[in-house]
Amino acid sequence: MKKDNTQIIRKISLVFFLLSSTIIFILHNISSYFPSVDFICPFGGIETLYRFLASKSFLSKTTVSNIILFILTLFSGIFLGRIFCGWVCSFGALQGFFRWIGSKIVKRKIILLPKFDRFLRLLKYILLPIILYFTYKTSTLIIRPYDPWAAYAHITSGFSELFTEFAVGFTILLITIFLSIFIDRPFCKYLCPLGAFLGIIRVFNTNTIIRDKETCITCKKCDQICPMNIEIMEKEKVSSSECINCFECISKCPTKKETLKLKTFRIKINPLFSGILIVTLFLLTYILGSLVPIQGLSLPITKQQISIDNPTNSERLNFVVPAGFDIKGSMSISEIALELKISPSEVIKILGLPEDAPIDIPLRDFIEQYGTTVQDLKNKIKTEK
Numbered sequence: 001m002k003k004d005n006t007q008i009i010r011k012i013s014l015v016f017f018l019l020s021s022t023i024i025f026i027l028h029n030i031s032s033y034f035p036s037v038d039f040i041c042p043f044g045g046i047e048t049l050y051r052f053l054a055s056k057s058f059l060s061k062t063t064v065s066n067i068i069l070f071i072l073t074l075f076s077g078i079f080l081g082r083i084f085c086g087w088v089c090s091f092g093a094l095q096g097f098f099r100w101i102g103s104k105i106v107k108r109k110i111i112l113l114p115k116f117d118r119f120l121r122l123l124k125y126i127l128l129p130i131i132l133y134f135t136y137k138t139s140t141l142i143i144r145p146y147d148p149w150a151a152y153a154h155i156t157s158g159f160s161e162l163f164t165e166f167a168v169g170f171t172i173l174l175i176t177i178f179l180s181i182f183i184d185r186p187f188c189k190y191l192c193p194l195g196a197f198l199g200i201i202r203v204f205n206t207n208t209i210i211r212d213k214e215t216c217i218t219c220k221k222c223d224q225i226c227p228m229n230i231e232i233m234e235k236e237k238v239s240s241s242e243c244i245n246c247f248e249c250i251s252k253c254p255t256k257k258e259t260l261k262l263k264t265f266r267i268k269i270n271p272l273f274s275g276i277l278i279v280t281l282f283l284l285t286y287i288l289g290s291l292v293p294i295q296g297l298s299l300p301i302t303k304q305q306i307s308i309d310n311p312t313n314s315e316r317l318n319f320v321v322p323a324g325f326d327i328k329g330s331m332s333i334s335e336i337a338l339e340l341k342i343s344p345s346e347v348i349k350i351l352g353l354p355e356d357a358p359i360d361i362p363l364r365d366f367i368e369q370y371g372t373t374v375q376d377l378k379n380k381i382k383t384e385k
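1 is the number of the first residue of the sequence shown in our numbering; add one for each residue after it.
#1: How long is the line joining the alpha carbons of residue 6 and residue 162, rounded to whole angstroms?
#2: If you reduce the DSSP assignment to three classes, tell me which class residue 378 lands in.
#3: Three-state secondary structure (DSSP) at residue 256?
#4: Taking 8 Å as the threshold, find out whether the segment 148-159 comes into contact with the segment 22-37 through three or more Cβ pairs.
#5: Output yes or no for whether 8 Å exceeds the beta carbon distance between residue 218 and residue 265.
#6: May I have the straight-line CA-CA distance separating residue 337 from residue 33, to the nearest angstrom?
#7: Which same chain residues, not among the five before or five after residue 285, have their C-beta less than 8 Å away from its C-beta?
#8: Let me know if residue 311 comes out buried or exposed under the rule of 16 or more other beta-carbons within 10 Å of its beta-carbon.
#9: Taking three-plus beta-carbon pairs below 8 Å as touching, is the segment 187-194 in contact with the segment 84-95?
#10: For the 8 Å Cβ check, are there 3 or more pairs between the segment 199-215 and the segment 258-277?
#11: In the DSSP output, which residue or residues are listed as bridge partners for residue 175?
#12: Could you check what DSSP says for residue 9 in three-state terms: helix, strand or coil?
#13: Could you tell me whether the Cβ atoms of residue 260 and residue 253 are closer together than 8 Å?
#14: Would you identify the three-state DSSP class for residue 308, choosing helix, strand or coil?
#15: Where DSSP assigns a beta bridge to residue 206, which residues make up the other side?
#16: For the beta strand (DSSP E) containing residue 267, name the first residue and the last one.
#17: Thinking residue 276 and residue 9 are a contact (beta carbons under 8 Å), I'd like their distance in whole angstroms, please.
#18: According to the Cβ coordinates, are residue 375 and residue 164 closer than 8 Å?
#19: What does a CB cutoff of less than 8 Å around residue 123 pick up in its chain, not counting 5 residues either side in sequence?
#20: Output the distance between the C-alpha atoms of residue 392 and residue 50, rounded to the nearest integer angstrom.
#21: Might you give, ordered along the chain, the residues of its own chain that have their beta carbon closer than 8 Å to the beta carbon of residue 13, omitting 5 neighbours on each side?
#22: Could you compute how far the alpha carbon of residue 94 sits from the alpha carbon of residue 48?
#23: Would the beta-carbon of residue 81 fall within 8 Å of that of residue 180?
#24: Per DSSP, residue 238 forms a beta bridge with which residues?
#25: I'd like to check one pair, residue 172 with residue 109: are the Cβ atoms closer than 8 Å?
#26: What residue from 199, 357 and 347 has the CA that sits closest to residue 228's CA?
#27: Please state if the CB of residue 225 and the CB of residue 249 are separated by a distance shorter than 8 Å.
#28: Helix, strand or coil for residue 73, going by three-state DSSP, please let me know.
So this is what it looks like as structure tokens:
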């Protein structure tokens, strides 16, 4: 078999993005100085795009980094197909990890009946317009409570917040993990709205895998290794919208000649070069997106002017909420005050807490004694329409 380092590099990339995302999520649940799951999500760029074009503002929890990620994902989708899914997506990596565990338990992966499989794959294309319609109509991230990746990001935020805000998403996460033991990337195949979007723009894709039928020995190893269950051996060109450009088929092909090769504009491209290129671009973009909330580099249009009635008198408190800011149970009143650039006493007034409320311990450790919850405190702050 040909020596091929492509899969080693790809798996290192996926492990890196999964681990780094997990660490960032844990840090964000400790301090809002670190970016949230919403800041580093390409689909957030699609969700907030309409509002950005219409009013030069962003949906809550999204910012300029989402637009940049969306643009990068769009162009990579046109020129390199769904390579984001195969090389960068952390949730895809999580599913792949549990499939690897499953392969040690269940020797043969489960493949659904073709008709049932095709029907299930349509679900993500049905969900995509529904999600975007209600997102644009309500000006909120309507999918967030149902998003298994958002639920994963909040596992360390505490069971109260996890089950209050992400009960459905967490349930979908558990189901996805369980199914991943037996089936390759079930969420990617059947429910992922970003995968549906990338599948649609596949019609503009200039990138394809070519099979040389003259040198093909019909061993079906390409079919067997494909995580998206594409029947590669039956095709001369792999143009399926389900292809995630993992290049497993090219790496696995046992022929000494290049029976399977990657081409863009009919020019042969090295799969490893394509993978490294896209990983580098996304890594740089993720770093930029991470720096925005940490250093406060968000653009003026990513901030929301808030006007709140002061419970103690007739005055109104005016302050600016940084893009993506959200009250969390792990935050103290002092941390909230620092984020909003107001005093702790003003935060206490806004949240309707007693004047003697502690300001240096996490909210979740004391708010129940005042008969309130983190979600109640979040509802105290409403964006002025």
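All C-beta atoms in this analysis are idealised placements derived from N, C-alpha and C, irrespective of residue type, glycine included.
The structure says:
#1: For the purposes of this step, residue 6 is taken as the residue at position 6 of the sequence shown. For the purposes of this step, residue 162 is taken as the residue at position 162 of the sequence shown. Roughly 37 Å separates the two Cα atoms.
#2: As a working note, residue 378 is residue 378 in the sequence shown. Note: residue 378 maps to helix in three-state DSSP.
#3: Mapped onto the sequence shown, residue 256 falls at position 256. In the structure shown, residue 256 sits in coil (DSSP, three-state: anything other than H, G, I, E or B).
#4: yes
#5: As a first step, residue 218 is located in the sequence shown; it is residue number 218 there, counting from the start. As a first step, residue 265 is located in the sequence shown; it is residue number 265 there, counting from the start. Not closer than 8 Å, so no.
#6: The residue you call residue 337 lines up with position 337 of the sequence shown. The residue you call residue 33 lines up with position 33 of the sequence shown. Cα to Cα, the separation comes out at about 13 Å.
#7: Taking the sequence shown and counting its residues from 1, one reaches residue 285 at position 285. Taken in chain order, the residues that qualify are 65, 68, 69 and 72.
#8: On the sequence shown, position 311 is the one that residue 311 refers to. Its pLDDT being 44, under 50, residue 311 is placed unreliably by the model, and nothing is read from it.
#9: yes
#10: yes
#11: Along the sequence shown, one-based indexing puts residue 175 at 175. Paired residue(s): none; residue 175 is not in a bridge.
#12: As a working mapping, residue 9 is identified with position 9 in the sequence shown. DSSP places residue 9 in helix when its eight states are reduced to three.
#13: Numbered from its first residue, the sequence shown carries residue 260 at position 260. Numbered from its first residue, the sequence shown carries residue 253 at position 253. Yes; because the gap between Cβ atoms is below 8 Å, this pair is in contact.
#14: Within the sequence shown, residue 308 is the residue found at index 308, counting from 1. Bear in mind that the predicted position of residue 308 carries a pLDDT of just 44, short of 50, making it too unreliable to give a figure here.
#15: Against the sequence shown, residue 206 aligns to sequence position 206. Its beta-bridge partners do not exist; DSSP assigns none.
#16: Your numbering for residue 267 matches position 267 in the sequence shown. Residue 267 -> beta strand (DSSP E) spans 267-269.
#17: Counting from one through the sequence shown, the residue named residue 276 turns up at place 276. Counting from one through the sequence shown, the residue named residue 9 turns up at place 9. Yes, they are in contact, since the Cβ atoms of residue 276 and residue 9 sit about 7 Å apart, within 8 Å.
#18: Working through the sequence shown from its first residue, we reach residue 375 at position 375. Working through the sequence shown from its first residue, we reach residue 164 at position 164. Yes, the pair counts as a contact, with Cβ atoms nearer than the cut-off.
#19: Taking the sequence shown and counting its residues from 1, the one referred to as residue 123 is at position 123. Taken in chain order, the residues that qualify are 190 and 191.
#20: In the structure displayed, the chain extends from 1 to 385; residue 392 sits before or after that span and is not available.
#21: For the purposes of this step, residue 13 is taken as the residue at position 13 of the sequence shown. Within the same chain, residue 13 has close Cβ partners 87, 88, 275 and 279.
#22: As a working mapping, residue 94 is identified with position 94 in the sequence shown. As a working mapping, residue 48 is identified with position 48 in the sequence shown. Straight-line Cα distance between these residues: approximately 26 Å.
#23: Translated into positions along the sequence shown, residue 81 becomes position 81. Translated into positions along the sequence shown, residue 180 becomes position 180. In this structure, the beta-carbon distance from residue 81 to residue 180 does not fall below 8 Å.
#24: As a position in the sequence shown, residue 238 is number 238, starting the count at 1. According to DSSP, which records beta bridges pairwise, residue 238 is partnered with 209.
#25: Within the sequence shown, the letter at position 109 stands for residue 109. Within the sequence shown, the letter at position 172 stands for residue 172. No. Outside cutoff.
#26: Along the sequence shown, one-based indexing puts residue 228 at 228. Ranking the options by Cα distance to residue 228, first place goes to 199.
#27: The count along the sequence shown starts at 1 and reaches residue 249 at position 249. The count along the sequence shown starts at 1 and reaches residue 225 at position 225. Cβ distance < 8 Å, so residue 249 and residue 225 count as in contact.
#28: If you number the sequence shown from 1, residue 73 lands on position 73. Helix.
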